[in-house]
Amino acid sequence: MAKPKTSLTAVEQRAEELDTIAAVLPIERRDELAELLTDQDIETLRHLVNQGMGDNTLRALTSDLAYLEAWGLAATGQSLPWPAPEALLLKFVAHHLWDPERRETDPEHGMPADVAENLRSQGFLKSVGPHAPATVRRRLANWSTLTKWRGFDGAFAAPSVKSAIRLAVRAVPRTRRRKSATAVTGDVLARLLATCATGTLRDVRDRAILMVAFASGGRRRSEIAGLRREQLTVEPPIEMPDGRPLPSLAIHLGRTKSSSGEQDEIVYLTGRPVEALNAWIVAAKIDSGSVFRAIGRWGNVSRRAIDPQSVNAIIKQRAAMAGLDPIELSAHGMRSGYLTEAANRGIPLQEAMEQSRHRSVQQASSYYNSAERRSGKAARLLA
17 MAKPKTSLTA VEQRAEELDT IAAVLPIERR DELAELLTDQ DIETLRHLVN QGMGDNTLRA
77 LTSDLAYLEA WGLAATGQSL PWPAPEALLL KFVAHHLWDP ERRETDPEHG MPADVAENLR
137 SQGFLKSVGP HAPATVRRRL ANWSTLTKWR GFDGAFAAPS VKSAIRLAVR AVPRTRRRKS
197 ATAVTGDVLA RLLATCATGT LRDVRDRAIL MVAFASGGRR RSEIAGLRRE QLTVEPPIEM
257 PDGRPLPSLA IHLGRTKSSS GEQDEIVYLT GRPVEALNAW IVAAKIDSGS VFRAIGRWGN
317 VSRRAIDPQS VNAIIKQRAA MAGLDPIELS AHGMRSGYLT EAANRGIPLQ EAMEQSRHRS
377 VQQASSYYNS AERRSGKAAR LLA
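The sequence shown lines up with residues 17 to 399 when you count with the working numbering.
Structure, rendered in structure tokens:
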């Protein structure tokens, strides 16, 4: 007699629902998110996937939604109400933007210790001080977006919320820092690549990741992690007057952070980066699907793509192996480093932007201006 099928729990059902959108929205903490997110949360995410929202935007929304739900449970003991009342928004601001000096004399100021410990134990909270205002504003903006997608009007534009943020930021001024303190320029990249000198699968993969991320214009870590074999097109070799032809490859980026779904953004790889990528594809026997994949402890290549955070971790690990400070380097350093290196080599800004796919001339030119100022006459009056 056949055994009756065991009905799935609500958490298991949500986990399966998350699996169905994983191809568009890679999720590394599926089981944890299934416990945090509600059925309505999952339905909202599925709706956004069906609406064709960009992958990077979906990842950011999911990450912030998970944090908000975790914070709501820790701070109030229950899942987020939709729409969120004004008082809850003010509580969120008070818990994340606070004055460290006042905290020393008033332990109740800022995020309560039990709430902070709860979030920290789940891996949601890493900082010990107040959050960056930009992070708080982004999470509130995503909270507002999710509220609208559910068909509600929120209190996000309420004068009290805007005033609370403005006063909190003014009370705790923060110096704006770049995402990566150190740009990964050519000399830094060479040191990172020197740690990938063996023929192990991990070295072959990491070498390809480093070279492709940099040479393709400083691609974002999400674009590197999500790169698929189907996005690669072999191009005719580049003829060189004084040497052998260089292999050439096109990467079809599709939708990116700064492009629409109708555009097919394309960047090109030439020479050594192509050879490094081909070496990894052959070694890992990748015929289709994700290009950069996890490698198990026994050297087995996973079928699933590495997650974006792994790209960051690889760069930091290689930095430590190269004798560099991993705190000073990050995946974004590849992006800033590419433009900085292009400026140092005298490559025209417009040509570099064609490869990096920067839309803002002002943002891209800041790296050029810094390079020129550092080596210009104005900086060498007493040299």
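Even glycine gets a Cβ: it sits at the ideal position worked out from N, Cα and C.
In this structure, does DSSP put R244 in helix, strand or coil? strand
What separation, rounded to the nearest whole angstrom, lies between the Cα atoms of A241 and H125? 40 Å
Could you check the C-alpha separation between Q29 and L96 for me, to the nearest Å? 20 Å
Per DSSP, G270 is paired with what? E281
Where does the unbroken beta strand (DSSP E) through V317 begin, and where does it stop? 317–321
Length of the line joining the Cα atoms of L135 and A347: 25 Å
Would you grab the beta carbon distance between L269 and E239 for me? Rounded to a whole angstrom, and I think it's under 8 Å. 6 Å
Decide if F168 is buried, meaning its Cβ has at least 16 other Cβ atoms within 10 Å, or exposed. exposed
Would the stretch 349–356 and the stretch 200–209 be scored as touching if the rule is three or more Cβ pairs under 8 Å? yes
R309, DSSP secondary structure in three states: strand
Check whether S176 and E291 have beta carbons under 9 Å apart: no
Leaving aside the five residues before and after Q326 along the sequence, list all residues of the same chain whose C-beta is less than 8 Å from its C-beta, in chain order. Reading off the sequence shown, one finds Ser at residue 326, where the question assumed Gln. Excluding positions up to five away in sequence, the list reads A241, A310.
Look at the alpha carbon of V185 and the alpha carbon of S137, and state the distance between them as a whole number of angstroms. 27 Å
Member of C212, L262, N294 whose CA lies at the smallest distance from the CA of R245: N294
Are the stretch 206–214 and the stretch 333–345 touching by the rule of at least three beta carbon pairs closer than 8 Å? yes
Cβ-Cβ distance between S179 and G170 below 9 Å: no
Please report the Cβ distance between T211 and R313, rounded to the nearest whole angstrom; I am assuming they are in contact, meaning their Cβ atoms lie under 8 Å. In fact, because the Cβ distance is near 19 Å, the residues do not count as touching under 8 Å.
May I have the straight-line CA-CA distance separating V307 from L217, to the nearest angstrom? 13 Å
Kindly list the residues whose CB is nearer than 7 Å to the CB of I322, restricted to its own chain and excluding five residues on each side of it in sequence; keep chain order. A241, F308, R309, A310
Using the C-alpha atoms, what's the distance from T78 back to A26? 19 Å
Say whether the stretch 254–264 touches the stretch 355–363, bearing in mind that this needs 3 or more beta-carbon pairs closer than 8 Å, one atom from each stretch. no
Taking the alpha helix (DSSP H) that M337 falls in, what are its first and last residues? 324–337
Could you give the distance in angstroms between the alpha-carbon of S143 and the alpha-carbon of E133? 11 Å
What's the C-alpha gap between R118 and H111? 13 Å
For the alpha helix (DSSP H) holding R288, just list the boundary residues, first then last. 288–300
What alpha helix (DSSP H) runs, 4 residues minimum, are completely inside the stretch 98–183? 102–112, 116–121, 129–137, 149–165
If you follow the alpha helix (DSSP H) that G3 is in, where does it begin and where does it stop? The structure shown does not extend to residue 3, since the chain is modelled only from 17 through 399, so no value can be given for it.
DSSP bridge partner residues for V250 (one or two, in chain order): L265
Own chain, CB closer than 7 Å to P289, minus 5 neighbours either side, in chain order: M227, V228, A231
Compute the Euclidean distance between the alpha carbons of D130 and A90, then round it to the nearest angstrom. 8 Å
Leaving aside the five residues before and after V250 along the sequence, list all residues of the same chain whose C-beta is less than 7 Å from its C-beta, in chain order. L265
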